[in-house]
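First residue of the sequence shown: 588, per my numbering; consecutive thereafter. Where is the CB? At the ideal position from N, CA and C, for every residue including glycine. A short write-up of the structure that comes next.
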Amino acid sequence: MAKEAPIKDINSVTAQHTKLPRLPDSQKIQKRPLIHPPIPSPHTGSSTPKIIYISASSPFIATVKRVRKLLSHIEARSGPSTLSSNLTSQIQAGIQQRRKKGEEVILKGTGKAIEKVLQLVVYWQAQQYVVVKVRTGSVGAVDDVVERGDEADGAEAVESRVRRTSCLEVGISLR
């Protein structure tokens with residue numbers, strides 16, 4: 588039997604991180620915004636993740652209110668409690684099971700926004716009624732390499748590069 592080639596792990600750090608070649612003096616990097624899917628409506632069901640993208644200039648209080656609003660929608664979807672006592676106890680058991688399932692509001696921040704996300708983590712960890720989970724990772728960002736010139740607007744992309752940037756993701760769910 589022939590020896591099989593080892594399987595390379597795509598997610599390993601060494602496989603993803605390769606140093607990009609140095610640019611010549613006649614070229615410069617023009618950064619593109621990070622790509623992410625459209626933000627779903629807060630009224631959508633539990634199957635879609637509730638993601639809030641944080642920037643360095645995101646207002647703290649407005650973000651806290653947005654998370655509270657999404658958490659209240661999650662709690663409202665858990666079920667009403669104005670029914671008969673036997674049915675109410677069954678619904679309460681279902682609510683506990685759904686909360687264990689892990690519907691959460693996710694905050695994401697990269698680069699300079701990581702500091703703002705950490706401030707929000709500290710705030711939410713002080714709250715008694717939520718569970719906070721912090722996850723780190725990296726995200727691919729696409730940059731264009733353009734020719735240096737007098738006209739910045741008319742610069743045409745020579746090539747595109749993918750760079751990795753750090754990302755902080757925070758999951759906030761009800762207890």
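Beta-carbon contacts of residue i that lie in its chain and below 7 angstroms, excluding the five residues immediately before and after
i    : result
W711 : V717, V719, I759
G727 : V749, R751
I626 : I638
I648 : none
Sequence-distant residues of its chain with Cβ nearer than 8 angstroms to residue i (five each side left out)
i    : result
I641 : T650, L694, K695, G696, A700, K703, V704, L707
A698 : According to the sequence as given, residue 698 is Gly; it is not Ala. Only A643, T752, S753 meet the Cβ criterion.
Q614 : V732, V733, E734, R735, V745
I723 : Residue identity check: residue 723 is Thr in the sequence provided, not Ile. Contacts found: S753, C754, L755, E756.
Q617 : D730, D731, V732, V733, A742, A744
T635 : P627
Where residue i sits in the DSSP three-state scheme
i    : result
E746 : strand
L607 : coil
Y640 : strand
E691 : coil
I701 : helix
T631 : coil
Q617 : strand
R735 : coil
Outcome for residue i when other beta-carbon atoms lying within 10 angstroms are tallied against a minimum of 16
i    : result
I661 : buried
I639 : buried
L658 : buried
L607 : exposed
L610 : exposed
E690 : buried
V709 : exposed
Residues near residue i in its chain [Cβ-Cβ closer than 6 angstroms; skip 5 each side]
i    : result
S747 : V729, D731
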